[in-house]
Amino acid sequence: MATNNTVRRRRRSKAYYRRKRIRQIKVYGGAIIILLIALNLFWWLSSRGMLEEGKIANQVYVDGVYVSGMTKGEASEALEAHLKDVGRARVNIESSQGDYTSKLSEFGIKPLDTDVEQMVEEAYNLGRKGLPITRYFRLRKAKKKGYNFQVAYSIDANKADGVFSAMEESLGNAPVNASLMVVNGEVKIHPGKEGYAVKRDESVEALNELIGADWDKEDLTLSVETETSEPEITEKLLGECTDVLGSYKTYCGVDNSGRVQNVKNGAALMDGTILMPGEEFSGDAAMRPYTEENGFTNAGSYESGEIVETMGGGICQVSSTLYNAVLYAELEVTERCNHSMLVDYVEPSRDAAIADDVKDFKFRNSTAYPIIISAGVENGYCYFTIYGKETRDKNREIDFESEVLGEEDYGVTYKASEDYSVGTMTTVSGGKEGASARLWKVVKVNGKETERVQVNESDYLPRNSVVIVGVKMSDGAIASGLISAVQTQDEDKIRQAIETVLE
Numbered sequence: 001m002a003t004n005n006t007v008r009r010r011r012r013s014k015a016y017y018r019r020k021r022i023r024q025i026k027v028y029g030g031a032i033i034i035l036l037i038a039l040n041l042f043w044w045l046s047s048r049g050m051l052e053e054g055k056i057a058n059q060v061y062v063d064g065v066y067v068s069g070m071t072k073g074e075a076s077e078a079l080e081a082h083l084k085d086v087g088r089a090r091v092n093i094e095s096s097q098g099d100y101t102s103k104l105s106e107f108g109i110k111p112l113d114t115d116v117e118q119m120v121e122e123a124y125n126l127g128r129k130g131l132p133i134t135r136y137f138r139l140r141k142a143k144k145k146g147y148n149f150q151v152a153y154s155i156d157a158n159k160a161d162g163v164f165s166a167m168e169e170s171l172g173n174a175p176v177n178a179s180l181m182v183v184n185g186e187v188k189i190h191p192g193k194e195g196y197a198v199k200r201d202e203s204v205e206a207l208n209e210l211i212g213a214d215w216d217k218e219d220l221t222l223s224v225e226t227e228t229s230e231p232e233i234t235e236k237l238l239g240e241c242t243d244v245l246g247s248y249k250t251y252c253g254v255d256n257s258g259r260v261q262n263v264k265n266g267a268a269l270m271d272g273t274i275l276m277p278g279e280e281f282s283g284d285a286a287m288r289p290y291t292e293e294n295g296f297t298n299a300g301s302y303e304s305g306e307i308v309e310t311m312g313g314g315i316c317q318v319s320s321t322l323y324n325a326v327l328y329a330e331l332e333v334t335e336r337c338n339h340s341m342l343v344d345y346v347e348p349s350r351d352a353a354i355a356d357d358v359k360d361f362k363f364r365n366s367t368a369y370p371i372i373i374s375a376g377v378e379n380g381y382c383y384f385t386i387y388g389k390e391t392r393d394k395n396r397e398i399d400f401e402s403e404v405l406g407e408e409d410y411g412v413t414y415k416a417s418e419d420y421s422v423g424t425m426t427t428v429s430g431g432k433e434g435a436s437a438r439l440w441k442v443v444k445v446n447g448k449e450t451e452r453v454q455v456n457e458s459d460y461l462p463r464n465s466v467v468i469v470g471v472k473m474s475d476g477a478i479a480s481g482l483i484s485a486v487q488t489q490d491e492d493k494i495r496q497a498i499e500t501v502l503e
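Residue numbers are given in our numbering: position 280 of the sequence shown equals residue 280, and the series is strictly consecutive.
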């Protein structure tokens, strides 16, 4: 049986050990605090210089690019250059139909789930964010072994589709659409043929795997599978679309002028175009570029209220003729602009101008079947015919009426010329009235008008006639006083100045 002294010793022993453990905790805790302080001090001393200067810490890489000692801006420039280098890597595409070579930039390669700004921010924050102990060990690891922020890449599926389409065409494996031609008024259909297409989804997935985080940035070899591909436009489909939906023609002349050449060329560039249901057509896009290499030349066109020589002058007659054919086909017009001044080849409000990326003529195939554009120039006339499947009531007719709402007289613009002698006043360009007009669509069923709808409304500026005033004197001198009179644009003052010079 334990005595009281023994119990007291046991009690003292428990208290003793409890106090001992508390002393140990304090000692260890103090040691940890001291260690943390030391680590923070070490981190501060070892990295403060570079970090305080707003630069990235030592031995830091982003996708293998050394960015240490760089500011954010410098690192961004270095990584942008790196991404361009990455895009230069070649992709050798192998298939059972043949091989093809492209570049990763053509696939639209880009960093996966990040961008240059985010990558730079991560590198910059190394040693700047997080707990001090964490910052210390990350900086220490970077200093000893280097710290690389790995980047995985991905490609743009839409751009990859373009590369594979180019491959199919290059190898002669792409399906060929059926086409339609009009010869002497007779519609002829040329059958298409099936081809081979790269399996898109599988190929994109395979390439994304190749350019993952472990990619060494070297050239790649991509093996792709192909499958039989039918043409989008078949002979059977076109066989249903030989009805004339709308047609129109305008007179352009039979001479060999630059303007006629441009009209012929513009019509030829549109001839044979096939639009599937819902597709939009741009007259400007169909004819560009307006260069000699593309068949165009200089000819007169409207610019700032005057007729001037421009490359492709006359193309607006092409788009205007097409506009009227589209109206008769009752297709959806999505963009149409009138000219700044009246034109001679169509009535007011029946024109459609194209100019300097500002004006365009666009329409959409709003039918449920393909439509085909037939165009050309014959016997001095520019013509357009739109073929498709006729679904409208046979007893229904449409026509269009131009209504002039008001007119504005034109004036005269006088221009001084040193190529003409004093006393000469020659009209080199006739004037044309300005007008406001609107176009009506008139619908008749069984010969009786049932509907009249306004199609558009247009405003045209007057076009002044241009009169050249000679300012060259008999002795070769220039009549400065007459030039001043011409600048007033007052005919009476100009004639008085001429009389004064000739006296």
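Note that CB positions come from ideal geometry on N, CA and C, so glycine has one too.
- At the C-beta level, V62 and L83 stay beyond 8 angstroms of one another.
- Distances from the alpha-carbon of Y328 to those of C316, A355, F384 put F384 closest.
- Residues of the same chain with their beta carbon placed closer than 6 angstroms to that of G162 are lacking, with the five preceding and five following residues left out of the count.
- Distance from T500 to G481 at the Cβ level is roughly 7 angstroms; contact confirmed, criterion being Cβ atoms closer than 8 angstroms.
- Within the same chain, E407, E408, D409, Y410, P462 come within 7 angstroms of E433 by CB-CB distance, once the 5 residues on both sides are set aside.
- Between C241 and G380, the C-beta gap is not smaller than 8 angstroms, which leaves the two residues out of contact.
- Considering only S458, V412, I233, the residue with the shortest C-alpha distance to V466 is V412.
- The beta carbon of L342 lies closer than 7 angstroms to those of P348, K432, A435, Y460 in the same chain, with the five residues before and after it left out.
- An exposed status is given to K129, since fewer than 16 other beta-carbon atoms sit within 10 Å of its beta-carbon.
- For I93, the number of other beta carbons within 10 angstroms of its own is at least 16, and it is reported as buried.
- Take the alpha-carbon of Y196 and the one of I56: they are about 51 angstroms apart.
- Taking the Cα positions, N177 is about 34 angstroms away from R88.
- Around L322, the same chain offers F384 as residues with beta carbons nearer than 6 angstroms, after the five sequence neighbours per side are excluded.
- Residue D271 holds the alpha-carbon nearest to the alpha-carbon of L180 among D360, S474, D271.
- Under DSSP, the beta-bridge partners assigned to L220 are V91.
- About 53 angstroms separates the beta carbon of G172 from that of Q59, a gap too long to meet the 8 angstroms contact definition.
- Secondary structure note for Y323: its alpha helix (DSSP H) is the uninterrupted segment 315–329.
- Counted as a single uninterrupted DSSP element, the alpha helix (DSSP H) harbouring S480 occupies residues 480–487.
- Shown here for Y414: same chain residues with a beta carbon closer than 7 angstroms to its own, the five before and five after excluded, namely V467, V469, V486, Q489, I494 in chain order.
- Contact check between the region 361–379 and the region 260–276: three or more CB pairs, one atom from each, fall below 8 angstroms, which counts as touching.
- Unbroken alpha helix (DSSP H) runs of no fewer than 4 residues, entirely contained in the region 444–475, are not found.
- If you look at F164, you'll find it in the alpha helix (DSSP H) that goes 157–170.
- When secondary structure is reduced to three states using DSSP, R200 falls in the helix class.
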